[in-house]
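A.B. asks:
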Amino acid sequence: MLYVTALQEGFLYGLLAIGVFISLRVLNIPDLTTEGSFGFGNAVAAATAVLGYPRLSLLFALLAGVAAGFTTGILQTKLKVHPVLAGIITMSGLYSINLMVRHGPNLAIGDQALFKIAYAVLGEDASRDDKKIAGAVLAAILCIGVIVLMILFFKTHLGMCIRATGDNPDMVRASSINVDRTKIIGLCISNGLIALSGALIAHYVGYSDASSSSGTLIYGLAAVIIGEALFSLFPRGRRGVTLGLVSAVCGSIIYKMIVTFVVDAELFGDNSANLMKLLCAVIVAITLIIPAMKDTVATWKNKREARRA
Numbered sequence: 309m310l311y312v313t314a315l316q317e318g319f320l321y322g323l324l325a326i327g328v329f330i331s332l333r334v335l336n337i338p339d340l341t342t343e344g345s346f347g348f349g350n351a352v353a354a355a356t357a358v359l360g361y362p363r364l365s366l367l368f369a370l371l372a373g374v375a376a377g378f379t380t381g382i383l384q385t386k387l388k389v390h391p392v393l394a395g396i397i398t399m400s401g402l403y404s405i406n407l408m409v410r411h412g413p414n415l416a417i418g419d420q421a422l423f424k425i426a427y428a429v430l431g432e433d434a435s436r437d438d439k440k441i442a443g444a445v446l447a448a449i450l451c452i453g454v455i456v457l458m459i460l461f462f463k464t465h466l467g468m469c470i471r472a473t474g475d476n477p478d479m480v481r482a483s484s485i486n487v488d489r490t491k492i493i494g495l496c497i498s499n500g501l502i503a504l505s506g507a508l509i510a511h512y513v514g515y516s517d518a519s520s521s522s523g524t525l526i527y528g529l530a531a532v533i534i535g536e537a538l539f540s541l542f543p544r545g546r547r548g549v550t551l552g553l554v555s556a557v558c559g560s561i562i563y564k565m566i567v568t569f570v571v572d573a574e575l576f577g578d579n580s581a582n583l584m585k586l587l588c589a590v591i592v593a594i595t596l597i598i599p600a601m602k603d604t605v606a607t608w609k610n611k612r613e614a615r616r617a
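Numbered per the working numbering, the sequence shown finishes at 617, counting up by one with no gaps.
1. Can you tell me which of the three DSSP states A434 falls into?
2. Taking Cβ positions, are G453 and F423 nearer each other than 8 Å?
3. Leaving aside the five residues before and after S331 along the sequence, list all residues of the same chain whose C-beta is less than 6 Å from its C-beta, in chain order.
4. Output the distance between the C-alpha atoms of I425 and M479, rounded to the nearest integer angstrom.
5. For the 8 Å Cβ check, are there 3 or more pairs between the region 479 to 495 and the region 343 to 356?
6. Exposed or buried, which one is H511 when buried takes at least 16 other CB atoms within 10 Å?
7. Check whether the region 357 to 366 and the region 404 to 420 touch, using three or more Cβ-Cβ pairs below 8 Å as the test.
8. Is the separation between the beta-carbon of G559 and that of L538 shorter than 8 Å?
9. Opposite Y515 in the DSSP bridges: which residues?
10. State the Cα-Cα distance for the pair C451 and G494, rounded to the nearest angstrom.
11. Report the rounded CA-to-CA distance for F461 versus H411, giving the unit in angstroms.
12. Roughly how many whole angstroms lie between the Cα atoms of A354 and A428?
13. Compute the beta-carbon to beta-carbon distance between A421 and A372, rounded to the nearest angstrom, for a pair I have assumed lies under 8 Å.
14. Between I533 and the rest of its own chain, which residues show a CB-CB distance below 8 Å, the 5 nearest in sequence each way excluded?
15. Secondary structure at R616, three-state DSSP: helix, strand or coil?
This is the structure we're talking about:
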């Protein structure tokens, strides 16, 4: 059942990976707002659920993430702040805002957590394993639903404009499309999904904590890169946003499975749980190196064949 839990967490953090994919790959913007918007959604969801509105907490968390993305977008487009600095400014400001929303470093949700409410539907006789399986299924349904919505959205006119903005903003601007508007909308969607992921994690663990968003940026990057590395092993075809969204979620699940395996097998002894950040960095480095090595080998083979010819 340990790996079922990892599967559930992989789907919940999959929304984070989708948000990072949209900003990094679709918009081609290195957005560092991630940790701030994840924590903002986490805190808003917990505060709203404590007030007795657990279902509405997801909507409010989504809107909170949209507000964070809007702030970063305004800084980038209207105030001409560098994208990296804009993300850092928003992230830093949100840290203090999150503390105010929680009224402290942490906030317990208790019985208002959505997953506890869902488990209660199974009845008191349900075993712990049944609850874990039900949680994994619920997380999968939520994540797949978001993927489908995003696939449909990026096929609309607005979605195509956002994709075109990431590919060639000068061409989009020449087509009389407001590039600033599409960037802001794209960042709003990206950070909204990241905040929604933070909200679901708050409901999953039953509380919101100041350290809950620590490392989420590197996690999202790792998930996107691992997914892309995995799908690069298959024959090259037309790779669009649809495949990118799916690969990001797959990367999230694979990363969680790797971490669970390392901890479960105690590959590093008693330090296995303490070396997760280092393991994440190594995984990202390896997944970045493999495609580069493949390109180098392919180039070397082409040059050798050219010399022979």
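Glycine residues also receive a C-beta, built at the ideal position from the N, C-alpha and C atoms.
C.D. replies: On the basis of the data shown:
1. coil
2. Contact check for G453 against F423 fails: the beta carbons are separated by 8 Å or more.
3. Closer than 6 Å at the Cβ level, and outside the excluded window around S331, lie I337, D339, S498.
4. 50 Å
5. no
6. The residue is buried, with at least 16 neighbouring Cβ atoms inside 10 Å.
7. yes
8. yes
9. A416
10. Roughly 19 Å between the two C-alpha positions.
11. 37 Å
12. Each residue's alpha carbon lies about 19 Å from the other.
13. Not quite, the Cβ-Cβ distance comes to about 18 Å (not below 8 Å), so this is no contact.
14. G559, V592, T595, L596
15. Three-state result, R616: helix.
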